[in-house]
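*Asks:* Quick note on numbering: numbering that gives the first Met the number 0 labels position 294 of the sequence shown as 293, and the sequence is numbered without any gaps. Built from N, CA and C at the ideal position, the CB exists for glycine as well.
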Amino acid sequence: MLPSGFKLYIRNRLFFPFIASFPRRISYKLATLKGMLDTIADSPVVTAAVKGVMNAFPKMDLSSARTIIKSQRGMLSRERLDVYWLDRINSKNIDQFIRLEGLENLTNSITSEQPVILYSAHFGRLIMPSMAIGAMGISTSCLTADISNPDIPDEERRYLSKKLKSMERLMGGDMIQKNDSLRRLYNVLKKKGVLIVIVDAPPAPEDSTEVFPFLGGKARLSTGVIKIAKKMNALLVPYFAQEEREGLVGYFLPAFSVQKLDDDEALAKVFEPVEQFIRKRPDQWWMWHALPVIWRKS
Numbered sequence: 000m001l002p003s004g005f006k007l008y009i010r011n012r013l014f015f016p017f018i019a020s021f022p023r024r025i026s027y028k029l030a031t032l033k034g035m036l037d038t039i040a041d042s043p044v045v046t047a048a049v050k051g052v053m054n055a056f057p058k059m060d061l062s063s064a065r066t067i068i069k070s071q072r073g074m075l076s077r078e079r080l081d082v083y084w085l086d087r088i089n090s091k092n093i094d095q096f097i098r099l100e101g102l103e104n105l106t107n108s109i110t111s112e113q114p115v116i117l118y119s120a121h122f123g124r125l126i127m128p129s130m131a132i133g134a135m136g137i138s139t140s141c142l143t144a145d146i147s148n149p150d151i152p153d154e155e156r157r158y159l160s161k162k163l164k165s166m167e168r169l170m171g172g173d174m175i176q177k178n179d180s181l182r183r184l185y186n187v188l189k190k191k192g193v194l195i196v197i198v199d200a201p202p203a204p205e206d207s208t209e210v211f212p213f214l215g216g217k218a219r220l221s222t223g224v225i226k227i228a229k230k231m232n233a234l235l236v237p238y239f240a241q242e243e244r245e246g247l248v249g250y251f252l253p254a255f256s257v258q259k260l261d262d263d264e265a266l267a268k269v270f271e272p273v274e275q276f277i278r279k280r281p282d283q284w285w286m287w288h289a290l291p292v293i294w295r296k297s
């Protein structure tokens with residue numbers, strides 16, 4: 000068996016750069032094949048993901064759950080390939096990668112008197128809508144994971160650093176890591192900038208959390224985005240990147256405020272569209288393997 004670091008080297012420095020040299024359609028088909036083949040090994044992550052699907056959909060049989068995760072792994076492989084195409088994306092060709100729907104929900108919010116938090120979950124090829132609006136001239140900043148975390152292998156940290164630099168170029172704003180000062184987040188909103196937050200990551204031990212209904216059970220997740228939104232009186236705009244038969248579509252949903260809601264009510268409001276998209280396309284959600292960390296049956 001190859002060492003994990005060498006596997007990451009092959010994947011990140013050889014395989015994906017190589018297939019990204021092919022025409023776009025061919026390269027994405029090759030990425031899909033790689034992702035689907037990864038499920039053959041029945042890794043702990045794949046096994047946990049299948050179990051997560053069956054917990055949330057108790058009437059689903061094992062074969063159907065495995066099909067969902069096989070499709071999910073293909074999507075995640077295409078999402079990783081996106082990073083190797085970012086440096087070639089611009090305002091003239093972005094519509095070849097993604098189509099946007101409901102963009103007026105974001106643009107109308109930007110022209111209001113309130114700051115805007117654009118949020119999503121680990122769903123679909125989630126970076127592409129922000130790449131598209133960046134190419135169109137709508138600047139955004141983003142709260143990202145701490146890539147200096149020593150638990151992240153060196154080869155994966157190198158890939159993530161490349162990803163963040165390429166994203167920052169297109170987005171026009173700042174990449175703010177979770178270990179940075181919260182003041183940077185508030186400064187973005189004070190200047191009426193758009194802040195992007197991904198809301199479904201498992202909470203850190205020091206995070207304030209609340210329990211709310213989710214996927215037929217109860218989830219416990221961080222209230223961080225709620226506290227920021229309330230403190231800054233910010234509007235929340237949900238967005239999702241969903242793969243359709245005709246290609247990738249970025250959906251921007253109507254804005255809302257959580258100012259008058261308790262934290263558990265606010266989280267339920269935030270996650271209502273997240274659950275709707277997951278139930279419609281469970282193969283697009285990244286986090287099935289982590290479900291036991293954030294969720295329990297009612």
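1) Name the DSSP bridge partner or partners of PRO212?
2) From this set, ILE109, LEU163 and ALA120, which residue's C-alpha is nearest ILE137's C-alpha?
3) To the nearest angstrom, how far is it from the Cα of MET135 to the Cα of SER62?
4) Report the partner residues of TRP294 according to the DSSP bridge assignment.
5) Are the CB atoms of PRO149 and GLY4 within a distance shorter than 8 Å?
6) Quick one, which of ARG295, PRO253 and ILE39 has its alpha-carbon nearest ASN107's?
7) So, at 8 Å on beta carbons, what are the nonlocal neighbours of LEU75 in its own chain, with the 5 sequence-adjacent residues on each side left out?
8) Would you mind sorting SER147 into buried or exposed? The rule is 16 or more other CB atoms within 10 Å of its CB.
9) Who are the near neighbours of ALA48 in its chain, counting only those whose CB is closer than 6 Å to its CB and skipping five residues on each side?
10) Beta-carbon within less than 7 Å of ILE336's beta-carbon, same chain only, minus the 5 sequence neighbours each way: which residues are those?
11) My parser needs the alpha helix (DSSP H) runs of 4 or more residues fully inside the segment 162-207; what are they?
12) To the nearest angstrom, report how far apart ARG24 and ASP263 are at their CA atoms.
13) Nearest to GLU271 by alpha carbon, out of GLN71, PRO201, TYR238 and GLN113?
14) Assuming LEU181 and VAL187 make a contact with CB atoms under 8 Å, what is their CB distance in whole Å?
15) Given 8 Å as the limit, is there contact between the segment 84-91 and the segment 222-240, that is, 3 or more CB pairs closer than that?
16) Pairing CB atoms from the segment 110-125 with CB atoms from the segment 193-213, are three or more of them under 8 Å?
*Replies:* Let's see:
1) On the sequence shown, residue 212 is found 213 positions in, with the first residue counted as 1. According to DSSP, which records beta bridges pairwise, PRO212 is partnered with LYS217.
2) For the purposes of this step, residue 137 is identified with residue 138 of the sequence shown, where counting begins at 1. Comparing Cα positions, the closest option is ILE109.
3) As a position in the sequence shown, residue 135 is number 136, starting the count at 1. As a position in the sequence shown, residue 62 is number 63, starting the count at 1. When rounded, the distance between both Cα atoms is 42 Å.
4) Your numbering for residue 294 matches position 295 in the sequence shown. ALA218, per the DSSP bridge assignment.
5) Counting from one through the sequence shown, the residue named residue 4 turns up at place 5. Counting from one through the sequence shown, the residue named residue 149 turns up at place 150. For GLY4 and PRO149, no; Cβs fall outside 8 Å.
6) Locating residue 107 in the sequence shown gives position 108, where the first residue counts as 1. Taking only the C-alpha atoms, the option nearest ASN107 is PRO253.
7) Counting from 1 along the sequence shown, the entry for residue 75 is found at position 76. So the qualifying residues of the chain are GLY34 and TRP285.
8) Reading the sequence shown from its first residue, position 148 is the one you call residue 147. By the 10 Å Cβ count, SER147 comes out exposed.
9) On the sequence shown, position 49 is the one that residue 48 refers to. Result list for ALA48: ILE68, TRP287 and HIS288, in chain order.
10) The chain is shown only over 0 to 297; residue 336 falls outside these bounds and no answer can be derived.
11) 181-189
12) Numbered from its first residue, the sequence shown carries residue 24 at position 25. Numbered from its first residue, the sequence shown carries residue 263 at position 264. Straight-line Cα distance between these residues: approximately 43 Å.
13) Position 272 of the sequence shown, counting from 1, holds the residue named residue 271. Selected option, being the one with the closest Cα: TYR238.
14) The sequence position of residue 181 within the sequence shown is 182, counting from 1. The sequence position of residue 187 within the sequence shown is 188, counting from 1. Wrong, their Cβ atoms sit about 11 Å apart, outside the cutoff.
15) no
16) yes
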